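Enquirer: Residue numbers (the numbering used here): 5 to 185.
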Amino acid sequence: MSTLVWLVAVVTFGAVVPIVPTGAAVSGAAAYAAHQNPVNVVLVILAGAGGAYVGDLAMYAMCRWGGEQLARRLHWLRDPERLARMEKRLRERQISVLLVSRLLPGGRVPVLLAAAVMGMSWKRFAISNGPACLLWSTLYAAIGIFGYAIFPEPWQSVLAAVLLVLLISQTMSTLSRRRGA
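(1) Whole angstroms are fine: how far does the CA of R97 sit from the CA of N3?
(2) My output table needs one value for R97: the three-state DSSP class, helix, strand or coil.
(3) Would you mind giving the Cβ-Cβ distance between P25 and S173, rounded to the nearest angstrom? I have them listed as a contact below 8 Å.
(4) What does the alpha-carbon distance come out to for the pair V45 and A53?
(5) Answer yes or no: do V104 and G111 have a C-beta to C-beta separation smaller than 8 Å?
(6) Contact check, V101 vs R89 under 8 Å by CB: the rounded distance?
(7) What did DSSP end up calling G18 once you bin it into helix, strand or coil?
(8) Less than 7 Å between C-beta atoms, sequence neighbours within five positions excluded: which residues of the same chain meet that for F129?
(9) Hey, G148 and G55: beta-carbon distance below 8 Å or not?
(10) With DSSP collapsed to three states, give me the class of E157.
(11) Spatial neighbours of L116 within its chain, please: C-beta separation below 6 Å, excluding the five flanking residues on both sides.
(12) From this set, A34, V30, W69, A136, which residue's C-alpha is nearest G123's C-alpha?
(13) For M66, which of helix, strand or coil comes out of DSSP?
(14) Going along the chain, which residues of its own chain have a beta-carbon closer than 7 Å to the beta-carbon of S141, five neighbours each way excluded?
(15) May I ask you to report which of helix, strand or coil DSSP gives S31?
(16) Classify S125: buried if its beta carbon has 16 or more other beta carbons within 10 angstroms, exposed otherwise.
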């Protein structure tokens with residue numbers, strides 16, 4: 005149980021301080037849980053989703069508080085057309101945009117900022133972000149289960165899951181930078 009509390013804390017902190025590899029934490033915890041009792045993977049998914057949700061609420065609060073002034077300081081409003089496109093996507097497909105933003109390295113904060121700048125209500129954000137966090141946690145837990153299925157020892161599964169997540173994140177980040185250049 006204390007492991008789940010730590011997972012919630014790590015994922016919440018990582019949602020606010022985006023340099024913490026939260027996906028790797030969920031994957032590693034799921035790999036370990038699968039070795040102990042596969043039913044515990046559901047608890048890992050819920051803990052990961054809960055931490056992501058609370059962290060996103062905190063981050064959204066900061067974006068709402070800072071708004072356009074924060075965006076200008078962080079140089080995210082250099083391209084008003086890009087912000088307008090993101091706002092349009094958010095209006096049309098909130099859950100899928102929030103989910104994809106969680107999966108892309110460096111994608112979540114600009115989307116949360118766009119939602120805050122466009123004035124998305126707290127209620128609408130809270131409702132839309134819940135399923136996105138749950139799907140995100142489920143995806144990363146699945147990566148952990150993949151490690152469990154391949155390796156017989158818990159430490160091997162956890163290590164494989166964490167390395168796989170970091171490799172995927174690094175690859176996606178590199179591809180994203182190349183497309184942006």
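Idealized CB from N, CA, C, for every residue including glycine. The model shown is predicted, which means the values in this text are computed figures rather than measured ones.
Expert: In short, the structure shows the following:
(1) Absent from the model: residue 3. The displayed extent of the chain is 5 to 185, so no value can be given.
(2) For the purposes of this step, residue 97 is taken as residue 93 along the sequence shown, with counting starting at 1. In the structure shown, R97 sits in coil (DSSP, three-state: anything other than H, G, I, E or B).
(3) Along the sequence shown, one-based indexing puts residue 25 at 21. Along the sequence shown, one-based indexing puts residue 173 at 169. With 8 Å as the limit, P25 and S173 qualify as a contact, their Cβ atoms being about 7 Å apart.
(4) Locating residue 45 in the sequence shown gives position 41, where the first residue counts as 1. Locating residue 53 in the sequence shown gives position 49, where the first residue counts as 1. Cα to Cα, the separation comes out at about 12 Å.
(5) Here residue 104 refers to the residue found at position 100 of the sequence shown. Here residue 111 refers to the residue found at position 107 of the sequence shown. Contact flag set, yes.
(6) As a first step, residue 101 is located in the sequence shown; it is residue number 97 there, counting from the start. As a first step, residue 89 is located in the sequence shown; it is residue number 85 there, counting from the start. Contact doesn't hold; Cβ gap of about 11 Å is too wide.
(7) By 1-based counting over the sequence shown, the position of residue 18 is 14. The answer is helix: DSSP assigns G18 an H, G or I state.
(8) In the sequence shown, counting from the first residue as 1, residue 129 sits at position 125. So the list reads Y64, A119, once near-sequence residues are dropped.
(9) In the sequence shown, the residue the question calls residue 148 occupies position 144. In the sequence shown, the residue the question calls residue 55 occupies position 51. The answer is no: Cβ separation not under 8 Å.
(10) By one-based count along the sequence shown, residue 157 stands at place 153. It is coil, neither helix nor strand.
(11) Here residue 116 is taken as the residue at index 112 of the sequence shown, counted from 1. Excluding residues within five positions, the ones whose Cβ falls inside 6 Å are M63, Y64, C67.
(12) Walking along the sequence shown from the start, residue 123 turns up at place 119. It is W69 whose Cα lies nearest to the Cα of G123.
(13) If you number the sequence shown from 1, residue 66 lands on position 62. The answer is helix: DSSP assigns M66 an H, G or I state.
(14) To locate residue 141, count along the sequence shown from 1; it is residue 137. Excluding sequence neighbours, S141 sits near V30, I49, G52, A53, A56.
(15) As a working mapping, residue 31 is identified with position 27 in the sequence shown. DSSP places S31 within a helical segment (H, G or I) once states are collapsed to three.
(16) Here the question's residue 125 lines up with position 121 in the sequence shown. Classification of S125: exposed, given that the 10 Å Cβ count is below 16.
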